[in-house]
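Residue numbers for the sequence shown follow numbering that gives the first Met the number 0, beginning at 0 and rising by one.
Even glycine gets a Cβ: it sits at the ideal position worked out from N, Cα and C.
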Amino acid sequence: MKTLSGKVAVVTGAAGGLGREMALAFAAEGMHVALADVDLKNLSSAKIRAEEKGVRAFAMQVDVSKATEVESFAVRIESEFGQTHVVCNNAGVSPLGAAWEASVAEWQWILGVNLWGVIHGVRAFAPRLIARNEGHIVNTASVAGLISPPGSCAYNVTKHAVVALSETLYHDLRERGSAVGVSVLCPA
């Protein structure tokens, strides 16, 4: 994909941080943006900031840990824009603590957002991109997907899994001759 202007970028975790900056960077390139997050107030602000760049923006409150919400988001994007071109599975959370200190609920929460959120994003959007044989999936991991710093066991586990998922997705797409691309971000 050489031309970005007029195409559609999807960003989860778009209410703040890296997700918000991704959305605004895509908008600055002339891409329309579809934004998802659980934080509706800051998500609305990100939508307004994107629209100020002269593009169309759509925002929806989505809990990426729930497959039905991610699929509903994908369907709504189709009704708003017709199709997607870049999908950024970026939503993430990061509780800190040693492996034995995190409660089962904390493990379930971080696995739900950081890993299942990416899985749900891939399952919802990859078939749509594959059907058109065009587009790119960007999964946000972290440097914690490559190394394992202390005090963030649950986070490290999810981010290593996102790296493995992304690498395998890349190979699966190549094996099938698909032109859909895959990247994994590992910011430090």
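Reduced DSSP category for residue i - H, G, I as helix; E, B as strand; rest coil
i: CYS185; result: coil
i: ALA14; result: coil
i: GLY150; result: coil
i: ASP62; result: coil
i: ALA27; result: helix
i: ASP38; result: coil
i: ALA56; result: strand
i: ALA22; result: helix
i: ALA73; result: helix
Contact set for residue i: own chain, Cβ-Cβ below 8 Å, skip 5 residues either direction
i: GLY5; result: GLY29, MET30, HIS31
i: ILE118; result: LEU164
Proximal residues to residue i (C-beta, below 6 Å), its chain only, five neighbours per side dropped
i: HIS135; result: VAL85, GLY180
i: LEU145; result: CYS185
Own chain partners of residue i with C-beta closer than 7 Å, once the 5 adjacent residues on each side are dropped
i: ALA13; result: ARG19, ALA22, LEU34, ALA35, ASP36, LEU42, ALA45
i: GLY116; result: THR11, VAL63, SER64, ASN88, ALA90
i: ARG48; result: LEU23
i: ILE129; result: SER177, VAL179
8 Å Cβ cutoff, residue i in contact with chain B
i: SER177; result: Absence of chain B from the displayed structure is noted, only one protein chain being present.
Buried or exposed by the 16-neighbour rule on C-beta atoms within 10 Å, applied to residue i
i: VAL54; result: buried
i: LEU114; result: buried
i: GLY176; result: exposed
i: SER151; result: buried
i: SER78; result: exposed
i: ALA104; result: exposed
i: LYS158; result: buried
i: MET58; result: Per the sequence shown, the amino acid found at residue 58 is Ala instead of Met. Classification for ALA58: buried.
i: SER141; result: buried
Proximity test, residue i beta-carbon vs the ligand PLP heavy atom, cut-off 7 Å
i: GLN82; result: For the ligand PLP, the structure offers nothing, since it holds no ligand at all.
Cβ contact (3+ pairs, closer than 8 Å) linking the region 16–34 and the region 68–85: Contact holds: three or more Cβ-Cβ distances are below 8 Å.
May I have a chain-ordered list of the beta strand (DSSP E) segments no shorter than 3 residues that lie completely inside the region 88–166? When DSSP assignments are scanned along the region 88–166, the uninterrupted stretches of beta strand (DSSP E) that are 3 or more residues long and fall wholly within it turn out to be 135–139.
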